[in-house]
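Novice: Numbering (my numbering), first residue to last: 80 to 215.
Note that CB positions come from ideal geometry on N, CA and C, so glycine has one too.
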């Protein structure tokens, strides 16, 4: 099976893809926590996260993997203020990736685009590092 014959099924089990997804989830979670601490302070951030877990069972370590639920809960807890937190999280994530945040109001779409960009970037880096020289 050649390098260019990767199918979606193969990529789903590719440890590199899984590692990049895990790395991005870590970036997303740390961005969420940094923004939460900056907006609410330590005590209130802990209360908000704990309340989300109480409402839904969403544990802190699962927030990035269940980002749709996090968005829904953020809206329930903060109401219209959730949009402000979402924008700050998007800016933080994109900043950590060295990218300019998009001017979109769709939090989930912006996160998805960031995740895809990160996967492409890291995948390209791995291809360059792991492939034999094209000159030879």
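Looking only at C-alpha atoms, which of 106, 128, 202 sits nearest to residue 116?
Specialist: If we check each option's Cα against that of residue 116, 128 comes out closest.
Novice: Contact defined as beta carbons within less than 8 Å: I believe residue 161 pairs with residue 154. What is the distance between those atoms, to the nearest angstrom?
Specialist: With 8 Å as the limit, residue 161 and residue 154 qualify as a contact, their Cβ atoms being about 5 Å apart.
Novice: I need the straight-line Cα distance from residue 152 to residue 131, nearest angstrom please.
Specialist: Taking the straight line from one Cα to the other gives about 6 Å.
Novice: Run the CB neighbour count on residue 133, radius 10 Å, all protein chains shown included, and call it buried at 16 or more, exposed below.
Specialist: Exposed, by the Cβ-count rule.
Novice: In whole angstroms, give me the CA-to-CA distance for residue 200 and residue 189.
Specialist: About 16 Å.
Novice: Measure the CB-CB distance between residue 198 and residue 173 and report whether it falls below 8 Å.
Specialist: Their beta carbons are not under 8 Å apart, which means residue 198 does not touch residue 173 by this criterion.
Novice: Let's see if you can read the secondary structure: which residues bound the alpha helix (DSSP H) around residue 132?
Specialist: Start and end: 121 to 135.
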